[in-house]
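So the sequences go chain by chain: A and B. Each residue of the first sequence is one higher than the last, beginning at 1 in my numbering. Each residue of the second sequence is one higher than the last, beginning at 342 in my numbering. Note that CB positions come from ideal geometry on N, CA and C, so glycine has one too. Here the structure is a predicted model, which means the values were calculated and not measured.
Number of protein chains: 2
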Amino acid sequence: MAISNKTPTINDVARAAGVSKKTVSRVINRSALLKQDTRKKVEAVIAELGYVPNPQARALALRRNFLLGLLHDNPNAQTVLNFQEGVLDAIRDTEFALVVRPVDRHSPKMLEDIRHFLEQQRLYGVLILPPISENDELAALCREMGCGYVRMGSAPLDDEEHIVASNDREMVESAVDYLVESGHRRIGIIKGPEGFRSALERSEGFMAAMRKHGLAVPAELVAQGTYRFESGLDAAGQLLDREQRPTAIFCSNDEMAAGALHAARQRKVSVPADLSIIGFDDSPIAAHIWPPLTTVGWPIREMAKAAALKLVAPADERAQDYIFPARLVQRQSVAPPPDKF
Amino acid sequence: MAISNKTPTINDVARAAGVSKKTVSRVINRSALLKQDTRKKVEAVIAELGYVPNPQARALALRRNFLLGLLHDNPNAQTVLNFQEGVLDAIRDTEFALVVRPVDRHSPKMLEDIRHFLEQQRLYGVLILPPISENDELAALCREMGCGYVRMGSAPLDDEEHIVASNDREMVESAVDYLVESGHRRIGIIKGPEGFRSALERSEGFMAAMRKHGLAVPAELVAQGTYRFESGLDAAGQLLDREQRPTAIFCSNDEMAAGALHAARQRKVSVPADLSIIGFDDSPIAAHIWPPLTTVGWPIREMAKAAALKLVAPADERAQDYIFPARLVQRQSVAPPPDKF
DNA sequence: ACGAGATAGGAAACCGGTGTCAAAGTGTAT
DNA sequence: ATACACTTTGACACCGGTTTCCTATCTCGT
Chain A
1 MAISNKTPTI NDVARAAGVS KKTVSRVINR SALLKQDTRK KVEAVIAELG YVPNPQARAL
61 ALRRNFLLGL LHDNPNAQTV LNFQEGVLDA IRDTEFALVV RPVDRHSPKM LEDIRHFLEQ
121 QRLYGVLILP PISENDELAA LCREMGCGYV RMGSAPLDDE EHIVASNDRE MVESAVDYLV
181 ESGHRRIGII KGPEGFRSAL ERSEGFMAAM RKHGLAVPAE LVAQGTYRFE SGLDAAGQLL
241 DREQRPTAIF CSNDEMAAGA LHAARQRKVS VPADLSIIGF DDSPIAAHIW PPLTTVGWPI
301 REMAKAAALK LVAPADERAQ DYIFPARLVQ RQSVAPPPDK F
Chain B
342 MAISNKTPTI NDVARAAGVS KKTVSRVINR SALLKQDTRK KVEAVIAELG YVPNPQARAL
402 ALRRNFLLGL LHDNPNAQTV LNFQEGVLDA IRDTEFALVV RPVDRHSPKM LEDIRHFLEQ
462 QRLYGVLILP PISENDELAA LCREMGCGYV RMGSAPLDDE EHIVASNDRE MVESAVDYLV
522 ESGHRRIGII KGPEGFRSAL ERSEGFMAAM RKHGLAVPAE LVAQGTYRFE SGLDAAGQLL
582 DREQRPTAIF CSNDEMAAGA LHAARQRKVS VPADLSIIGF DDSPIAAHIW PPLTTVGWPI
642 REMAKAAALK LVAPADERAQ DYIFPARLVQ RQSVAPPPDK F
């Protein structure tokens, strides 16, 4: 009788179906011990009333909510967005939602801010993107607060349960293999910023691969970058101004590779005829610069999905994989070295 | 005595402070009718226990939660991320959080999906990014469901209360002014995809500005794009292959401008010496291609903040502004036309 | 000193779900 | 028909806040 004009609650359903709240709750939660008749009847009423359980009430009663957090300070927008899409792939058709939280790595209050955020929102769990995923204090904070977490990274830097990683080292190796097969011997590297695990993995992978091929990497072919476009411009400039310049440059990410391309153009060095450039990340910019950049891509979206499932999926359904392979994306910035070399 | 090892609740605080729950609640909510003594006492206990109110319980009792949603299907990652940052600027230090939801504009179930999402999460309000912000059915859905919403756009397409817009038309005009001042007369345009309001605003703004300068825009100088890189490549190709090609091209976004740059390079047309190109959006790619792109930027982050405040701020504190000015960003892709013209 | 009006604080119900446990129903063996 | 085990359902308390309504206390004027 008392038909409410507001959104129906579990009580409305119970009354309309002539059963108790608890029975409706059982229907919602797919409890096994229900007679088919009852279930059907209640489901019919639910459909008729358009009842949807209130997530806040559920969260309160269950003492846990259905919010996943995404903590990131990633400079690459496309990476972050792809990651968001991947998480959505995992939680679509569930009651979970994704809360985003960009953080400022350079702020001295960062940890305090995040603590406050976690306390206040009481998230079910958080996903942490590199580079801050490399911050062990942050992981410790999550543990301390009893908040589930998964760290994305370029190397396994936590328990299997808390990490989803790409195998950067191996992929750098295949990039170097490719350059060597193309005939290059004098290969330079623009490293990523110190203190970044991914930068370390990439540069060590590079050194290891060069060693494998019996090639030297003199200091004059190593330049330091920051993962930013401008640093790629500067670093490549240094490399190209050496007395004997490299015939190929491995850039630790695509933005720096784009910068390197600029540096080459400024010096009238033609890519790939005079100089081969290879990037890392397969960010969208890679396809939109000239020449299109050969690079190494990692499956962010799949990794994101796996990470979200690690938090959300019932333990027995969890995929065991936590290290993902990257792949070489061949475009047009690599060619055999010029003859004179 | 009964010190709990779990996170403290309002009851714990009340007991420890020797007051009732309600009094603690009053302290939390800054109720005016409290003696200073009591307030201080309770605040001390709160600080000591590290009490933080449970947002789910609050949401339940208040019949509203503190979640803002972001609905987007924007192809430009940087725009989306900047927007997220802007929203965070607005809700930092509040109890609100931002839930993201990428949507698929091409899915026939899009509206149904969003309805389900809104029903399930019961968001406080949603922010809608272009291009789906132009979907009136979606706005109607929000109204029907009693969900607050603000649409971002390139023109005022809803009540003042529900819109934050940039003035694309005016900005295109200033871009054209700039080209004309530089000496260009034969100016082409690559339009955005049909059905996009922003595309319409930009192309109409272009036509109006050309008319103002008494310049004709023959059909052969108009090309259709889709806002994507490849379409810019194709469209610019068409324009450049005309018998008498333009000396400048206005591109309705930066990605297409990047494509246009490629098309010029393929044809050995030098930019800006032989051809000027101007973009729109000031996306990061604009600074990272060669030559750096002159473009029109709009203050996404500020607009995002304003949009979030429209939902979150008390009515009396709301800024009245809802149309934001863009600005011309001069880089190096525009120069006077070559002499022969 | 006393009653009126304002002010501070508390008791209990409520928001919309879930957990516990006992009651009711069902079917089978005796 | 009775006892017994097992399935199905409901009553009630509870999660952690807010709201309503009421009482105790505190001025203050006379």
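>> Please return the same chain residues whose Cβ sits closer than 6 Å to the Cβ of A/Q330, not counting the five positions on each side in sequence.
In response: T294
**Prompt:** Quick check: the segment 250-260 of chain A against the segment 226-236 of chain A, are there 3 or more CB pairs under 8 Å?
**Reply:** yes
- [ ] Please check if any C-beta of chain A sits within less than 8 Å of the C-beta of B/V421.
- [x] yes
Q: With 8 Å as the C-beta to C-beta threshold (strictly closer), list the residues of the segment 284-298 of chain A near chain B in chain order.
A: P284, I285, A287, H288, I289, W290
- prompt: Since A/H116 is in the alpha helix (DSSP H), which residue starts that stretch and which ends it?
  reply: 110-121
Whole runs of the beta strand (DSSP E) within the segment 114-165 of chain A, excluding any shorter than 3 residues
125-128, 148-153
Could you confirm whether any beta carbon from chain B is found closer than 8 Å to the beta carbon of A/H162? no
- Would you call the segment 386-394 of chain B and the segment 29-48 of chain A in contact, with 3 or more CB pairs under 8 Å? no
Within-8 Å CB hit, A/V329 to chain B: no
*Cβ-based burial, B/D445 [other Cβ within 10 Å; buried from 16]*: exposed
For a cutoff of 8 Å on Cβ pairs, would you count A/L98 as touching chain B?
yes
Contact under 8 Å by Cβ, A/E134 with A/D168 | no
Closest by CA to A/L138, which one among A/H72, A/Q84, A/A175? A/H72
*asked:* If I measure Cβ to Cβ from B/P443 and keep anything under 7 Å in the same chain, skipping five residues before and after, which residues do I get?
replied: H413, D414
**Request:** Taking only the alpha-carbon atoms, compute the straight-line gap between B/N352 and A/T7 and give it to the nearest angstrom.
**Result:** 30 Å
Check: Is A/F83 helix, strand or coil when you go by DSSP?
Finding: helix
Next item on the list: Check whether the Cβ of B/R446 lies closer than 8 Å to any Cβ atom in chain A.
Entry: no
Item to check | Other residues of its chain near B/D662: CB distance less than 7 Å, five sequence neighbours each side excluded | outcome: A647
Contact belief for A/T247 with A/H288 at Cβ below 8 Å, rounded distance in angstroms:
The pair is not a contact, with the Cβ atoms about 25 Å apart (cut-off 8 Å).
Q) What residues of chain B sit near A/P102, judged by a beta carbon separation below 7 Å? A) Q425, E426, L429
Could you tell me whether the Cβ of B/R606 comes closer than 8 Å to any Cβ of chain A?
yes
- Message: So, at 8 Å on beta carbons, what are the nonlocal neighbours of B/A721 in its own chain, with the 5 sequence-adjacent residues on each side left out?
- Response: Limits of chain B in this structure are 342 at one end and 682 at the other, which puts residue 721 of chain B out of reach.
**Message:** Per the DSSP calculation, B/V440 is bridged to which residue(s)?
**Reply:** A/V99, B/G410
Does the Cβ-Cβ distance between B/M548 and B/Y568 come in under 8 Å? no
- Task: Return yes when the Cβ of B/I626 is within less than 8 Å of the Cβ of B/F424, no when it is not.
- Result: no
* With contact counted as at least three CB pairs below 8 Å, one residue from each stretch, are the segment 211-220 of chain A and the segment 152-165 of chain A in contact? -> no
Below-8 Å beta-carbon distance, B/E436 vs any chain A residue:
yes
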